[in-house]
Each structure stands twice: as C-alpha cells, then as structure tokens.
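Peer 1:
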Ligand SMILES: NC(=O)c1ccc[n+]([C@@H]2O[C@H](COP(=O)([O-])OP(=O)(O)OC[C@H]3O[C@@H](n4cnc5c(N)ncnc54)[C@H](OP(=O)(O)O)[C@@H]3O)[C@@H](O)[C@H]2O)c1
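Residue numbers (my numbering): 2 to 350.
#1: On the premise that residue 236 lies in contact with residue 392, defined as a C-beta separation below 8 angstroms, what is that separation, rounded to the nearest angstrom?
#2: For residue 132, which residues from the same chain have a beta carbon less than 8 angstroms from its beta carbon, with the 5 sequence-adjacent residues on both sides left out?
#3: Three or more C-beta pairs closer than 8 angstroms, one from the stretch 81 to 98 and one from the stretch 235 to 250: is that the case here?
#4: Within a Cβ cutoff of 7 angstroms, which residues of the same chain sit near residue 122, ignoring the five residues on either side of it in sequence?
#5: Taking the C-alpha atoms as reference points, what is the distance between residue 30 and residue 91?
#6: Along the chain, where does the beta strand (DSSP E) that runs through residue 163 open and close?
#7: From 180, 169 and 22, pick the residue whose C-alpha is nearest to that of residue 195; which is it?
#8: If we call anything under 8 angstroms between Cβ atoms a contact, is residue 266 one with residue 217?
#9: State yes or no: is the C-beta of residue 111 nearer than 7 angstroms to some heavy atom of ligand 1?
#10: Where does the unbroken alpha helix (DSSP H) through residue 146 begin, and where does it stop?
#11: Going straight from the alpha carbon of residue 14 to that of residue 113, what length do you get?
#12: Got a sec? Which residues, its chain only, sit under 6 angstroms from residue 188 by beta carbon, not counting five neighbours each side?
#13: Quick check: is any heavy atom of ligand 1 less than 7 angstroms from the C-beta of residue 253?
#14: In three-state DSSP terms, what is residue 16?
#15: I want to check one thing, is the minimum distance from the CB of residue 12 to the heavy atoms of ligand 1 below 7 angstroms?
#16: Is residue 97 buried or exposed, if buried means 16 or more other CB atoms sit within 10 Å of its CB?
#17: Measure the C-alpha to C-alpha separation of residue 325 and residue 203 and round it to an integer number of angstroms.
#18: According to the neighbour-count rule (16 or more other Cβ atoms, all chains shown, within 10 Å of its Cβ), is residue 56 buried or exposed?
#19: Where residue 34 and residue 47 are concerned, what is the direct C-alpha to C-alpha distance, given to the nearest angstrom?
#20: To the nearest whole angstrom, what separates the beta carbons of residue 221 and residue 147, a pair I think is in contact under 8 angstroms?
Shown next, in the form of structure tokens:
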C-alpha cells in the first residue's frame with residue numbers, strides 16, 4: 002500500500018494516576034502530585050494533550066495514542082463549570098486528531114467516554130467529521146466472553162453475577178447479554194435508572210443500591226466511572242471472582258492482600274497478534290484494552306459513523322467476526338498485568 006494512503010485512527014487515553022503520568026511525561030516522576038495536578042487542570046490548547054505512540058497496525062493503518070493530560074479523578078467532575086473545561090480539553094484533542102493526525106476514527110479510552118456522556122456530547126459538536134467510538138461495544142462483547150469462560154471454570158453450576166455500574170453503557174450491555182443465563186445482581190446509585198434497567202431485562206435479576214449486596218455474587222463485574230478502587234473486603238463473598246473492566250480499576254492490591262481467597266481478573270482485554278504497543282499501559286505483552294481493539298477494527302475495516310451512547314447490537318454483531326478475522330481473542334487471564342492460574346478464555350472475539 003502506498004504510504005500516503007495509509008489511514009490513521011486515534012485512541013484517546015489519559016493518566017489514570019501519577020505512575021501513568023510519568024509514562025507520557027517522564028520528568029513528572031520527580032514532581033509530587035500536589036504540584037503537578039493543579040497545573041494539569043490549567044493546561045489548554047496544544048499543552049492539554051500529549052502524543053504517546055504511533056502504533057503500526059498490521060501494516061495497514063497507524064493508530065496514535067493521544068493522552069489528554071488529566072488524571073482519572075480530574076475527568077469525573079460534577080460541577081458544571083469544571084465539566085465544561087474537561088469537555089473542552091477532550092474536544093481540543095479530538096479536533097487535533099482529525100485535523101492534524103487525519104484520524105478517520107477516534108476512540109474514547111477510559112474515562113474520556115464517561116466525561117462526554119458516552120461520546121454523545123462530542124458527536125454533536127460543530128466541525129466533527131471523524132467517526133467517534135467509545136469502544137464499549139467490543140469491550141462489552143469481550144467482557145461477556147470472559148465472564149462466560151470464568152463461569153465454565155467455576156465450581157458453582159449457575160453462578161450469580163453481580164454487576165457494579167449496572168446501568169452504565171458497558172454495565173447495561175452486559176446485563177442484557179447475561180440476563181438469560183445467570184442470576185444477576187445489578188448495582189447502581191440511582192433507583193429510577195435501576196428500575197428501568199430491570200424492565201429492559203424483563204425482570205430477570207435483582208437490583209440494589211448497596212455495594213455490600215455483592216456479597217451474594219460468585220462473580221463480581223465492575224464497570225463504573227468511579228476514578229479509584231471501590232470494592233472493599235467486606236462486600237465480597239468467600240472465593241468470589243472479580244472481573245474488573247473499569248479503567249482506572251475499581252479494585253486494588255490491598256483488597257487482594259486482605260482477601261487472599263478472592264481472585265481478580267483484568268477485564269475486557271484482547272490479544273492483538275502481530276501488533277506491538279510499546280507505550281506502557283500496564284497490560285501483559287501482546288494484549289490491550291478491547292476499546293482500543295474496536296478502534297483498530299473500525300480503522301482496518303474503514304467503518305464510518307459514530308458509535309456513542311448505548312451499545313448498538315448490530316455493531317456488536319458486526320464486530321464479532323471482524324475480531325476473529327484479525328485473530329483478536331480474549332486475553333489470557335491476568336491480574337494487574339500478571340498471569341493467573343485460571344484458564345484464559347479461548348473463544349473470545
Ligand atoms: N477494559 C476495557 O477495555 C474498557 C473499555 C471501555 C471502558 N472501560 C472502562 O469501563 C468503565 C465503564 O465504562 P462506561 O463507558 O460503561 O461508563 P459509563 O457509561 O459512564 O457508566 C459508568 C457507570 O458507573 C456508575 N458509577 C460511577 N460511580 C459509581 C459508584 N461509586 N458506585 C456505583 N456506580 C457508579 C455510573 O452511575 P451514576 O450515573 O450513578 O454515576 C455509571 O452508570 C470505565 O471505567 C471505563 O474506563 C474499559
């Protein structure tokens with residue numbers, strides 16, 4: 002293929018914490034967060050984002066990793082004025098991606114989706130002609146595969162699955178995918194939205210606003226926009242398996258130290274054979290986030306159109322065989338990037 006014809010896509014990321022910040026801006030490792038963080042909120046224009054890597058995807062497209070220079074907790078804000086500034090920072094990065102990096106597809110990694118109402122806000126802004134995707138469609142598909150694989154290895158014949166962040170984009174897609182085959186406990190903070198979710202799955206399952214109700218679940222899936230760990234030792238059943246989709250993670254090492262009976266799995270990760278990513282996103286070698294996988298598939302297949310807001314089932318059906326086409330499968334199970342003894346899913350993607 003002529004080099005000039007090579008299409009590009011961009012995947013927006015952001016530092017989840019101070020460790021991540023130093024991956025993009027190495028010198029920040031010598032500066033404490035109480036100095037870096039207030040400065041980060043004040044950055045604007047070209048200083049608001051950092052180009053981290055250009056990934057050669059199978060010689061067919063290039064995918065740029067572009068970091069919005071805001072940490073997870075700085076992206077999830079409820080104050081209107083602060084949210085306006087956060088969204089402007091993401092919009093600046095999106096416009097740079099389409100106008101200077103010629104991105105045909107722009108994927109919204111981690112909390113850049115939640116901060117823009119699942120990408121819906123971005124899709125309605127003037128001058129956007131690149132395709133925007135939150136990547137949650139493929140992330141939900143891969144997560145459902147992972148959960149089914151865990152349940153096959155489980156000693157419990159029909160495990161109860163708890164979903165934290167149940168009416169979020171990924172949470173609700175998972176509730177729909179799993180409600181026929183599993184006992185579900187759907188957790189969220191808003192009762193009205195939980196009721197609506199319960200109706201959408203034909204009343205299959207229970208709803209709760211209490212995290213401690215996860216104590217009744219054999220498998221706990223976390224898919225919230227909470228910017229730090231959320232699960233506590235008290236809210237998990239003996240021998241529970243946590244499948245943590247959230248980025249930043251909703252579970253932490255301290256939880257596993259306090260509860261050695263609990264197994265934790267990095268959620269929604271895909272193997273991407275033949276594609277090398279050097280930038281350290283703390284995943285095991287050869288795997289990455291399924292939402293980045295979706296951005297790659299859309300770029301490789303020249304799929305146009307926004308995929309924002311609720312997961313579109315047609316898009317999911319289309320992505321499944323395309324993932325297979327490129328050899329994308331659910332990654333071997335890891336916890337914080339380290340291999341686990343649980344058998345990895347073999348039929349993902
Ligand atoms: N691993 C991957 O490949 C991958 C791919 C895509 C996304 N993700 C991650 O998956 C997570 C979910 O993404 P999404 O796009 O589905 O987000 P979303 O649509 O914004 O949904 C997030 C949900 O989390 C809920 N939530 C926030 N704080 C909570 C708390 N303290 N307790 C209970 N629920 C809480 C929110 O409910 P309220 O409305 O009540 O706040 C919302 O329903 C994010 O962390 C994202 O970074 C991972």
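Glycine is no exception: its CB is placed at the ideal position from the N, C-alpha and C atoms.
Peer 2: Taking the coordinates as given:
#1: Look at the range of the chain in this structure, 2 to 350, and you will see that residue 392 is not part of it.
#2: Result list for residue 132: 105, 106, 107, 299, 304, 305, 306, 307 and 308, in chain order.
#3: Put simply, the stretch 81 to 98 does not touch the stretch 235 to 250. Fewer than three CB pairs are less than 8 angstroms apart.
#4: For residue 122, where only same-chain residues beyond five positions count, the Cβ hits under 7 angstroms are 88.
#5: Rounded to whole angstroms, the separation of the alpha carbons of residue 91 and residue 30 is 24 angstroms.
#6: Where residue 163 is concerned, the enclosing beta strand (DSSP E) stretches over 161 to 165.
#7: Considering only alpha carbons, the answer is 169.
#8: If you check the CB distance, residue 266 and residue 217 do not come in under 8 angstroms.
#9: The answer is yes for residue 111.
#10: Element bounds for residue 146: 137 to 154.
#11: Their backbone Cα atoms lie some 7 angstroms apart in a straight line.
#12: For residue 188, same chain residues with a beta-carbon under 6 angstroms away, outside a window of 5 residues either side, are 165, 167 and 209 in chain order.
#13: Within 7 angstroms of the C-beta of residue 253 there is not a single heavy atom belonging to ligand 1.
#14: Three-state DSSP puts residue 16 in coil, outside helix and strand.
#15: At a threshold of 7 angstroms, residue 12 does not count as near ligand 1, since its beta carbon sits no closer than that to any of the ligand's heavy atoms.
#16: Under the 10 Å beta carbon count, residue 97 is surrounded by 16 or more other beta carbons and is classified as buried.
#17: Rounded to the nearest angstrom, the two C-alpha atoms are 31 angstroms apart.
#18: Answer is buried; the Cβ neighbour count reaches 16.
#19: If you take the alpha carbons of residue 34 and residue 47, they lie about 21 angstroms apart.
#20: Contact doesn't hold; Cβ gap of about 13 angstroms is too wide.
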